[in-house]
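In my numbering, the protein residues as written are 206 to 659. Heads up, the beta-carbon is just placed ideally off N, CA and C, and yes, glycines get one too. What you are looking at is a predicted structure, and each value in this text was computed from that prediction instead of being measured. A quick write-up on the structure given underneath.
Now the structure itself:
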């Protein structure tokens, strides 16, 4: 067993007090867990004060391990520690220390004392480098995003679909900024959860009042073969749920200022290389028709004076799920390549940038109507394939022929894999919106822990 010490330091664009407060809030742990790691928070008691504990599971199935970290040596505004491990395999003690540079800048020093078998210490250091490259970059990005709207104060935000791929990240991000987040859910668990059942037209209207913003993300997944039953679920879950929510909010005496409703770049359909903005007409087909109805279902809330933002979400990149999560096993095994002829456009967005778009939609009163949530530089499928292969150091020589995709997925394969749209975020650009990742390769390197170190 070898005892080691690992130290990393990064400068942050806020005061030491603000940086410390970010780490002390509920969503910080989720924001700091690397998305490429299979880590799940099983239980958490308290926050980061002495005696507070968090139980994590790393890995899945029979190879998964439980780790308990206990916090100690909490000093308000200055430092805190967490310690734990799995004896006798390893243990750690992680000290987080915040140092003031001036009133608008600080430094975070992460110091880890750990013990590991000597044979794996080199691997451990490489993994720590990957982890802290990610943690420090995301912390800086989140702090900068919150700072843009600092003067507007904390908001009360209600989110439907708060446990989903996007909702969970958005909820964690908002809480680290000091916002008060509640969940609109079919299965209430926490005291702050609000019950609803879109299929039954039921919602706990009495508890909807008093929120500054409502974010509507809930809806049936579009992944899988599109049977008539599946298509009906996709349409009804979006249109009926949105209409129920919009009508319920419209009847409130104490209405939210804004309803931010998810939509999709599927609004534009298959448009080849045509450059598309929020002013472009809808396409033809099942997904465009659903998106048009979906956005139109917000009308009762708009008629009642609530600001509406329809966020047309592109291909969301995160290894936790969605397109990237589905493709990763194939790419890592060297069994991937272009889809079809590879010329279809992919209008992508990194999960961190998508969170920032929803944040801006909540906070910026000048943002209204449709907003394309895509990166400024879409790519073709063949460019995406080559870039992901390069980041992973894997060949991409096995294409998926169009006929095979259609045979496997039918109409869904044609709409989701073989069609394309070159969608640009014109409205966000008009507002001077700042992206964390405008280009694909830096986004993939960040999300997959493949940052090129100097």
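| Asked | Found |
| --- | --- |
| Where residue 213 sits in the DSSP three-state scheme | strand |
| Within the region 243 to 307, ranges of the beta strand (DSSP E) (whole runs, at least 3 residues) | 244 to 250, 258 to 263, 270 to 280, 284 to 291 and 295 to 307 |
| Backbone secondary structure at residue 659 - three-state DSSP | Note on residue 659: pLDDT 47, under 50, position unreliable in the model; no value is reported. |
| For residue 526, the residue or residues it bridges with in DSSP | 523 |
| Ordered list of alpha helix (DSSP H) runs contained in the region 416 to 499, each at least 4 residues | 433 to 455 |
| Residue 293 classed as buried or exposed, judged by whether at least 16 other C-beta atoms fall within 10 angstroms | Note that residue 293 scores 49 on pLDDT, short of 50, meaning its location in the model is unreliable and no value can be drawn from it. |
| At least three beta-carbon pairs within less than 8 Å, the region 526 to 543 to the region 560 to 572 | no |
| Where the alpha helix (DSSP H) through residue 330 begins and ends | 326 to 353 |
| First and last residue of the uninterrupted beta strand (DSSP E) at residue 586 | Where residue 586 is concerned, there is no enclosing beta strand (DSSP E), although the alpha helix (DSSP H) it sits in stretches over 586 to 597. |
| Enclosing alpha helix (DSSP H) for residue 567 [first to last residue] | 556 to 568 |
| Cβ-based burial, residue 212 [other Cβ within 10 Å; buried from 16] | exposed |
| DSSP-derived helix/strand/coil call for residue 665 | There is simply no residue 665 to check, as the chain begins at 206 and stops at 659 in what is shown. |
| Assigned exposure category for residue 458 - 16 Cβ within 10 Å defines buried | exposed |
| Whole-number beta carbon distance between residue 313 and residue 661, since they are thought to touch under 8 Å | Since the displayed the chain opens at 206 and closes at 659, residue 661 lies outside it and no answer follows. |
| Expected contact under 8 Å - CB spacing of residue 451 and residue 505 to nearest Å | 4 Å |
| Residue 553 and residue 519 closer than 8 Å at C-beta | yes |
| Residue range of the unbroken alpha helix (DSSP H) whose run includes residue 647 | 645 to 653 |
| Sequence-distant residues of the same chain with beta carbon closer than 6 Å to residue 560, five excluded per side | 374, 375 and 378 |
| The region 387 to 396 / the region 435 to 449 touching (three or more Cβ pairs under 8 Å) | no |
| Extent of the continuous beta strand (DSSP E) to which residue 390 belongs | 385 to 390 |
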